[in-house]
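J.: Once you know that position 51 of the sequence shown is 979 in the numbering used here, the rest is easy, because the numbers rise by one and skip nothing.
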Amino acid sequence: MSKAFISTLFTRLLEQILISAVILLFAFLIVGTKTAIENGGIGDGDVATWIQAISSVLALGAVFLAIERQVKRQRDLETEKENRESKRRSVLFEGIARAVRDMAEAMLEEDEAQNAAFFDDFNPAVILHYRDLFRGIPVMDIPSPNMIQAVTMLPIALANLNLVFEIAEGSDAYQHAHMRELGLTDRAKVVRDLATDILAHDL
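(1) Applying the criterion that 16 or more other CB atoms from any shown protein chain within 10 Å of the CB defines a buried residue, is Val1019 buried or exposed?
(2) Identify which residue in Leu993, Ala1096, Glu1022 and Ile945 has its Cα closest to the Cα of Ile1065.
(3) Rounded C-beta distance between Val1119 and Leu1089? I'm assuming under 8 Å.
(4) Which same chain residues end up closer than 6 Å to Asn1051 when comparing Cβ atoms and leaving out the 5 residues on each side of it in sequence?
(5) Could you say if the region 1077-1095 and the region 1003-1019 meet the contact criterion of at least three C-beta pairs nearer than 8 Å?
(6) Report back the beta-carbon spacing between Ala1096 and Leu1110 to the nearest angstrom; my notes put them in contact at under 8 Å.
(7) Would you tell me roughly how many angstroms separate the C-alpha atoms of Glu996 and Met1068, rounded to the nearest one?
(8) Does DSSP put His1129 in a helix, a strand or coil?
(9) So, Thr1124 versus Arg1059, is the Cβ gap smaller than 8 Å?
(10) Please go through the same chain and pick out, in chain order, the residues whose beta-carbon is closer than 8 Å to the beta-carbon of Arg1012, but skip the five residues on each side of it.
Next comes the structure, spelled out in C-alpha cells:
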C-alpha cells in the first residue's frame, strides 16, 4: 500500500469526522435555540454558549476547507505525475517499436536487393535485444488495449527471425540464399507488420 494512498485515506477519514462534527454542532444550535425559545427567551449565558458553538463550527469549516484543498492538490500532483510517467513510457515504447520496424524494413530492402554483405555484417544480437525489451513489458504498461495482441506477438516474431540467423550461422557464414530458404523474407515481414501495427495506434 503506497504512502500516497495511506495519506489520501487518512485525510478522507479526517474529512468525514469534521463533517460529522459540523453536523452535530449545527444540530446542537438548532436544538438549543428551540429549547431557549420554549423556556422564555435567550439569556446571557446562552448567548456566550452559542457564540462559542458558532465559532467552533466556523473553525471546523475552515479546517475542512483546508483539508479539501490539500486533498485536491495532492490528487492533482499524483495525476500530473501519472501523466508524465505515461507519456515517458509512450515515448520509449514508440521509439523501440519504430527501431524494430526500421530494422525489419532494412532487412527486406537488402533482401530484395540481394545484398549478401548486409547480412554478413548484421549482428543478430540486436534482434534478441528488441525481443527481450518487448518481452519485459507488463500488460498494464501497454499504452493502448488495441496494441496488446501485437505487443505480445512481436517477441515471438523476433525470436523466429533470429532463428534464421542462428541456423544460417551454423551452416556457412549467413549465406543469403540459405537464409531466404529458411524464411528470412516472410519472418522479417511479420516483424515489420507487427511493429507497424503498434505504431498505427495513438501512443
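Ideal placement from N, C-alpha and C gives every residue a C-beta, glycine not left out.
T.: If we stick to the structure as given:
(1) exposed
(2) Glu1022
(3) 5 Å
(4) none
(5) no
(6) About 6 Å; that satisfies the 8 Å criterion.
(7) 31 Å
(8) Here His1129 sits in coil by DSSP.
(9) no
(10) none
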